[in-house]
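Numbering of the sequence shown is given in this note's numbering, commencing with residue 5 and proceeding in unit increments. Beta carbons: idealized from backbone N, C-alpha and C, even for Gly. Since the model is a prediction, treat every value here as computed from it, not as a measurement.
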Amino acid sequence: MNVPASSPERSPQSPVRHFLTLRDLSRDELLQLIARASELKRLRGQPAHPKPLAGMSVGILLEKSSTRTRISFEVGVFELGGLPITLKPGDIQLGRGETIEDSARMFSRFLHAVVFRTSTHERLTRLAQFSSVPVINGLCDLHHPTQLLADLQTVQENLGHLEGVRVVWVGDGNNMAHSWIEAASLLGFDLTVVCPVGYEPNQAIVQAAQQSARGTVRVLTGAGAIDDACRDADVITTDVWVSMGQEGESGERNAVFTDFTVTAARMKRAKPNAVFLHCLPAHRGEEVAADVIDGPRSRVWDEAENRLHSQKALLELLLSRP
Ligand code: CP
Ligand code: NVA
5 MNVPASSPER
15 SPQSPVRHFL
25 TLRDLSRDEL
35 LQLIARASEL
45 KRLRGQPAHP
55 KPLAGMSVGI
65 LLEKSSTRTR
75 ISFEVGVFEL
85 GGLPITLKPG
95 DIQLGRGETI
105 EDSARMFSRF
115 LHAVVFRTST
125 HERLTRLAQF
135 SSVPVINGLC
145 DLHHPTQLLA
155 DLQTVQENLG
165 HLEGVRVVWV
175 GDGNNMAHSW
185 IEAASLLGFD
195 LTVVCPVGYE
205 PNQAIVQAAQ
215 QSARGTVRVL
225 TGAGAIDDAC
235 RDADVITTDV
245 WVSMGQEGES
255 GERNAVFTDF
265 TVTAARMKRA
275 KPNAVFLHCL
285 PAHRGEEVAA
295 DVIDGPRSRV
305 WDEAENRLHS
315 QKALLELLLS
325 RP
């Protein structure tokens, strides 16, 4: 997302590029980024590994818990030659009422980019509007685009291609589902989302994807649709039934989603070389059976590791000097 022209901190000479949703990349940029991520994976630990962030500092502002996002960005910035600074709201004045706009102005004077994990997309865009350095969405209520970079890299590495793959999302129409929907429309693959009635993905995000010329995005409701959807899938993926911030709904959600577990029987309906993905953290026995996530088709640990490589490629893209 480009900063609106009215952004007070924007210099007309150096327009800033944010990564708030996958749609902030073109199809070609996304494909190049995935290829670069695999190259950086091969170069890891070697003298030829680039250090384009030398002299740069990246803030990682986390208003929600994180294991993978925090560690992969901290290690990634370090390995690119930069300084990562993790910030929690309780440690900085933002947590005591300094406005998000003023915080953005301050970050822009000290940092070269900010990764922001927050509760709402509105809060994320406010930070971006007042930031003159790139803001990267480290997860909000609507999207989780850095996770999708890793997921797409994992699919590419396992299946050898992205175009035309058949992906099935089983479960909540949440932030991860939205980012999969955007990926399908950008790259032209076939995505079927199966969710309970009342837990469908955001209609505007689905419609935008369906209006794009590429790929197919289909939303089905009811657990009865899962078995058919899984037939001949290349990728089956899911996420927790209760996302961060929804803890108060856990009783109701656990009841509604009870038949939405990715089981070994459902995995068997997919193609023989199909893979299972999950952004993690996982709850065995809820959204996924233990013998699936710990089974031979699971690629969840590679997927988590690919956060590191794909985010390095993203940082390189956003911060490399012209
Ligand atoms: N998948 C993911 O974003 O994990 P964390 O919440 O641990 O960062
Ligand atoms: N949908 C989950 C993803 C966690 C990485 C959440 O928002 O909590």
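For residue i, write down the residues that DSSP places opposite it in a beta bridge.
{"i": "N141", "result": "F120"}
{"i": "L281", "result": "T241"}
{"i": "T23", "result": "Rather than Thr, the amino acid found at residue 23 in this sequence is Phe. DSSP lists I140 as partners of F23."}
{"i": "R235", "result": "Paired residue(s): none; R235 is not in a bridge."}
{"i": "V292", "result": "V266, R288"}
Assuming residue i is part of the beta strand (DSSP E), what are its boundary residues?
{"i": "G63", "result": "61-66"}
{"i": "I89", "result": "87-91"}
{"i": "V221", "result": "220-225"}
In its own chain, which residues sit with a C-beta less than 6 Å from the C-beta of residue i, not counting the 5 before and 5 after it?
{"i": "S15", "result": "Reliability of the predicted coordinates at S15 is poor, the pLDDT of 46 falling under 50, and the value obtained from them is presented with this limitation in mind. None."}
{"i": "I140", "result": "F23, V119"}
{"i": "T150", "result": "Q315"}
{"i": "D236", "result": "K275"}
{"i": "V260", "result": "P200"}
{"i": "E105", "result": "F134"}
{"i": "S254", "result": "V246"}
{"i": "G219", "result": "A188, S189, G192, F193"}
{"i": "R40", "result": "A317"}
Just to confirm the assignment, what range does the alpha helix (DSSP H) spanning residue i have?
{"i": "H125", "result": "125-133"}
{"i": "Q36", "result": "31-47"}
{"i": "G101", "result": "Where G101 is concerned, there is no enclosing alpha helix (DSSP H), given that its DSSP letter is neither H nor E."}
{"i": "R311", "result": "304-323"}
{"i": "T73", "result": "72-83"}
{"i": "V246", "result": "Taken as a continuous stretch (DSSP letters only), V246 belongs to no alpha helix (DSSP H), as it is neither H nor E."}
{"i": "E256", "result": "254-260"}
{"i": "V210", "result": "207-215"}
Once the 5 residues before and after residue i are set aside, which same chain residues still bring their CB inside 7 Å of it?
{"i": "P8", "result": "Confidence in P8 is poor, its pLDDT being 35 and thus under 50, which makes the residue's placement unreliable; the coordinate value appears in the next sentence. Cβ within range, chain order: Q133."}
{"i": "L312", "result": "S76, V79, G80"}
{"i": "S216", "result": "S189"}
{"i": "S302", "result": "F280, V296"}
{"i": "M248", "result": "K68, S69"}
{"i": "A308", "result": "R72, L284"}
{"i": "P88", "result": "V62, I64, F77, E78, V81, F82"}
Take residue i and list the residues in its own chain whose beta-carbon comes closer than 8 Å to its own, dropping the five residues that flank it on each side.
{"i": "R21", "result": "N6, D28, P138, L322"}
{"i": "A286", "result": "V244, V292, I297, V304"}
{"i": "L37", "result": "L29, L153, S314, A317, L318, L321"}
{"i": "P205", "result": "G177, N178, A181, H182, I185, V197, C199, V223"}
Complete runs of the beta strand (DSSP E) confined to the stretch 152-198 [at least 3 residues] = The beta strand (DSSP E) runs of length 3 or more contained entirely in the stretch 152-198 are, from start to end of the chain, 170-174.
inquiry  = Any contact between the stretch 252-272 and the stretch 218-233? By contact I mean 3 or more CB pairs, one from each, below 8 Å.
reply    = Flag = yes, the stretch 252-272 and the stretch 218-233 touch.
ask   = Is there contact here, the stretch 275-295 with the stretch 197-214, by at least three beta-carbon pairs under 8 Å?
value = Short answer: they don't touch.
task = Give a yes or no on contact between the stretch 47-55 and the stretch 121-129, applying the rule of three or more CB pairs nearer than 8 Å.
result = The answer is no - the stretch 121-129 does not touch the stretch 47-55, with fewer than three Cβ pairs under 8 Å.
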